[in-house]
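Written out below as C-alpha cells is the structure these notes cover.
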Amino acid sequence: MDVTTLEEETLPQHTDADEHTETHSQQVESDFLSSLDEDDFEPEDMPSKADQKMELQAASGLALGGLMAVEGGMKMMLHPDFTFDAKQANNVAEKVAPLILKYGANPPDWVKEYMQEIIAAFAIGSLAFGSVMQVRQLKAADLEKAKQEAEAKQAQTDAEAA
Numbered sequence: 043m044d045v046t047t048l049e050e051e052t053l054p055q056h057t058d059a060d061e062h063t064e065t066h067s068q069q070v071e072s073d074f075l076s077s078l079d080e081d082d083f084e085p086e087d088m089p090s091k092a093d094q095k096m097e098l099q100a101a102s103g104l105a106l107g108g109l110m111a112v113e114g115g116m117k118m119m120l121h122p123d124f125t126f127d128a129k130q131a132n133n134v135a136e137k138v139a140p141l142i143l144k145y146g147a148n149p150p151d152w153v154k155e156y157m158q159e160i161i162a163a164f165a166i167g168s169l170a171f172g173s174v175m176q177v178r179q180l181k182a183a184d185l186e187k188a189k190q191e192a193e194a195k196q197a198q199t200d201a202e203a204a
C-alpha cells in the first residue's frame with residue numbers, strides 16, 4: 043500500500059465545465075405541479091414580516107412567563123429575595139422564542155395524556171414545599187424572638203443587680 047502525503051497527493055480540480063443545468067420539458071413540469079396536493083406549500087400562506095414579528099414576541103412572552111415561574115420556584119427554594127437579572131432573562135426569552143415557534147408550545151402527546159395529573163402533582167408539590175418553607179421562616183422568627191426576649195431579660199437582670 044502506497045502512503046502519500048497531502049503535498050504529493052493530487053486532488054481532482056473542479057471546473058465550470060463539470061456543472062450543467064438540468065432541463066425539463068413543459069409536460070414534465072406540468073405533471074409535477076399537478077401532482078402537488080392542496081396542502082403543499084403555498085407562498086401566499088406564509089405569514090407577513092409583521093405577523094412573524096408578532097409571533098416571535100408572543101413566543102418570547104411565553105418564554106418569559108416560564109422564566110418567571112422558575113424564578114418563583116427558586117424564590118421558594120433558595121431565598122425569598124432571589125430574582126433573575128431582567129436583562130439576562132429577556133435575552134434568554136428572545137433566544138428561546140424561535141425554538142418555541144419551531145417546535146411549538148404544545149407538549150407531546152404522551153404528556154398531554156397525563157396533563158391533569160402533572161398539573162395536580164405540581165400544585166400539590168408547590169403547596170407542600172411552600173408550607174415547609176413557611177414553617178422554616180416561622181421557626182426562625184420564633185428563635186429570633188426568643189433570643190431578643192432572653193437578651194431583654196438578661197439586660198433587666200443586669201440593671202436590677204447594679
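Sequential numbering of the sequence shown, starting at 43, is according to the numbering used here. We put the beta carbon where it would ideally sit given N, CA and C, even for glycine. Computed from a predicted model, the values in this text were never measured in an experiment.
### Query
Is the stretch 150-167 touching the stretch 114-126, taking contact as three or more C-beta pairs under 8 Å?
Segments in contact, no.
#### Entry: Span separating the alpha-carbon of W152 from that of E193
Straight-line Cα distance between these residues: approximately 60 Å.
#### Entry: Span separating the alpha-carbon of S67 from that of G108
A straight-line Cα-Cα distance of about 54 Å links S67 and G108.
### Task
Report yes if the CB atom of A139 is closer than 7 Å to the CB atom of A101, and no otherwise.
Going by C-beta atoms, A139 is nearer than 7 Å to A101.
#### Entry: Alpha-carbon to alpha-carbon, A182 and G172
Approximately 15 Å, taken between the alpha carbons.
#### Entry: Rounded straight-line distance, which links the Cα of F126 to that of G114
Distance between the alpha carbons of G114 and F126 is about 10 Å.
### Message
Measuring only the C-alpha atoms, how far is A135 from M96?
### Response
If I take the Cα positions, the gap works out to 14 Å.
### Query
A139 by DSSP, collapsed to three states: which one?
Reduced to three states, the DSSP call for A139 is helix.
### Task
Can you say whether L106 is buried or exposed, counting buried as having 16 or more other CB atoms within 10 angstroms of its CB?
When all chains shown are included, L106 counts as buried.
#### Entry: Through-space distance from M116 to S76, alpha-carbon basis
Cα-Cα distance, rounded: 57 Å.
### Query
If I142 sits next to L185, beta carbons under 8 Å apart, how far is it from one beta carbon to the other, in whole angstroms?
Not quite, the Cβ-Cβ distance comes to about 45 Å (not below 8 Å), so this is no contact.
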